[in-house]
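S.K.:
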Amino acid sequence: MATVRRQIIISRTADDVYAVLGNPVTIADWFPGVLSATVDGNQRVITTGSGLPMAEDIVTNDAIQRRFQYRLAPGLIHDHLGTIDVFDLGDGRSLVSYSTDCEPDVAALVIGGATGGALAELRRQLESTGPED
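Residue numbers for the sequence shown, in the numbering used here: 214 to 346.
Rendered as structure tokens:
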């Protein structure tokens, strides 16, 4: 199993950042290539730009630790766990870490590349709006 981690600093409080990341349906707003997301209980279904629906189990959504984890349903990817952690840097900024544990290994590289772009888009959006937005 391969692991890829991407990190980014965002000039917003950890609570502001987790308000977006902890809401499972907002992924369509900040993750390029995801057109929509629906949630039913602990299952999220994202629809990609190609129209492919992907079922995910929400493993953890902890607003205190600011951790969101999800697992892709088995299919082309045998095993997958995505983990997003938001750390308070104490100065109004946050460190966001997005890690992917995946098998087959090559899929981790593909997903890891996508998560890097998603974090950059999240930062762009959050830093272009104020806390009251």
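We put the CB at the ideal spot given by N, CA and C, even for glycine.
How many whole angstroms separate the CB atoms of ARG284 and LEU294, which I take to be in contact at a CB cut-off of 8 Å?
M.R.: 5 Å
S.K.: Let me know the secondary structure DSSP gives PRO317 once reduced to three states.
M.R.: coil
S.K.: Take the Cβ of ALA321 as the centre, count every other Cβ of all protein chains shown within 10 Å, and call the residue buried at 16 or more, exposed below.
M.R.: buried
S.K.: Name the DSSP bridge partner or partners of MET267?
M.R.: ILE259
S.K.: Among the residues of its own chain, which have a CB less than 6 Å from the CB of ASP318, if the five just before and after it don't count?
M.R.: ALA215
S.K.: Whether or not the region 261-277 and the region 323-341 are in contact is what I'm after, with contact meaning three or more pairs of Cβ atoms, one per stretch, closer than 8 Å; do they touch?
M.R.: The answer is no - the region 261-277 does not touch the region 323-341, with fewer than three Cβ pairs under 8 Å.
S.K.: Would you call the region 290-308 and the region 255-262 touching, i.e. three or more CB-CB distances under 8 Å?
M.R.: No, because fewer than three Cβ pairs between the region 290-308 and the region 255-262 fall closer than 8 Å, the two stretches do not touch.
S.K.: Closest Cβ-Cβ distance between SER224 and chain B: below 7 Å?
M.R.: Looking at the structure shown, chain B is missing, and only one protein chain is on hand.
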